[in-house]
Amino acid sequence: MPVKRARNAAFAAASLVLFALGPALAEPPSPGPTASPAAPAASPAPATSPAPPADPLLHAKARAEFDAWATGKIDLSHYIPDAAPIFTPEFVAQLSNQYLKPLGAVKTFTQVRVVTMQGARVIVYRAVCEKGSIDQAISWNDAGTIQYIRFVPSA
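Numbering that gives the first Met the number 0 numbers the first residue of the sequence shown as 0 and each following residue consecutively.
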């Protein structure tokens with residue numbers, strides 16, 4: 000489907016895939032309208048493992064965050080304080096309108112893998128929607144606030 004491929008290519012080309020928050024999970028900034036704190040350029044590759052059975056509570060929280068981003072109305076109290084200056088209402092609306100809303104309604108939202116990155120557990124979920132799919136990687140700190148969130152078009 001040419002329209003779908005073009006949209007996915009534009010999404011990838013825009014490099015709007017990384018929203019790393021806090022020094023514990025900082026990665027080098029990506030080009031484009033993304034934000035992350037500065038970090039060393041060389042970092043070990045994250046360790047991946049097959050997805051263990053999904054924790055129903057974390058699954059529900061991850062899905063709620065996906066839905067919030069898709070509607071353009073996130074609750075900053077769910078995020079570490081470093082998120083507030085990055086996730087402005089304009090930024091959230093832009094991401095929602097350009098990349099998430101066009102995917103349409105979510106058909107399935109499943110956990111696909113768990114990654115350990117710099118000591119933090121990052122859970123990757125796949126949202127299969129009416130017009131495409133996207134992966135959401137998300138991590139919570141010990142206090143239960145989101146310290147990392149990333150959206151990447153699914154392969």
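C-beta: ideal position from N, C-alpha, C; glycine also.
Assigned secondary structure, residue i (DSSP; H/G/I helix, E/B strand, else coil)
i: Ala8; result: With a pLDDT of 38 at Ala8, under the threshold of 50, the modelled position of that residue is not reliable, and the figure given next carries that caveat. Helix, per DSSP.
i: Thr144; result: coil
i: Thr87; result: coil
i: Pro152; result: strand
i: Pro27; result: Note that Pro27 has pLDDT 32, beneath the 50 cutoff, so the model's placement of it is unreliable and the number below is only indicative. If DSSP states are grouped into helix, strand and coil, Pro27 belongs with coil.
Cut-off 6 Å between Cβ atoms - residues of its own chain near residue i, not counting five sequence neighbours on either side
i: Lys130; result: Leu102 and Gly103
i: Ala67; result: Ile73
i: Asp134; result: Val123, Arg125, Val151 and Ser153
Cutoff 8 Å; reference residue i; Cβ partners in own chain excluding five residues on either side
i: His58; result: Phe108, Gln110 and Tyr124
i: Ser132; result: Leu102, Arg125, Ala126, Pro152 and Ser153
i: Lys106; result: Val127, Cys128 and Glu129
i: Leu75; result: Ala82, Ala83 and Phe86
Anticipated Cβ contact below 8 Å, residue i with residue j, distance rounded
i: Ser165; j: Val113; result: Past the boundaries of the shown model lies residue 165; the chain is included only from 0 to 154, so the question cannot be answered.
Same chain, Cβ closer than 7 Å to residue i, five either side skipped, listed in chain order
i: Arg62; result: Phe108
i: Thr70; result: Ser95
i: Ala92; result: Gly71
ask   = Any contact of the stretch 76 to 86 with the stretch 97 to 111, i.e. 3+ C-beta pairs under 8 Å?
value = no
ask   = At what residue ranges does the stretch 91 to 145 contain a whole run of the beta strand (DSSP E), taking only runs of 3 or more?
value = 105 to 116, 119 to 128 and 131 to 139
query = Taking the runs of the alpha helix (DSSP H) that are 4 residues or longer, which of them lie wholly in the stretch 55 to 88?
reply = 55 to 70
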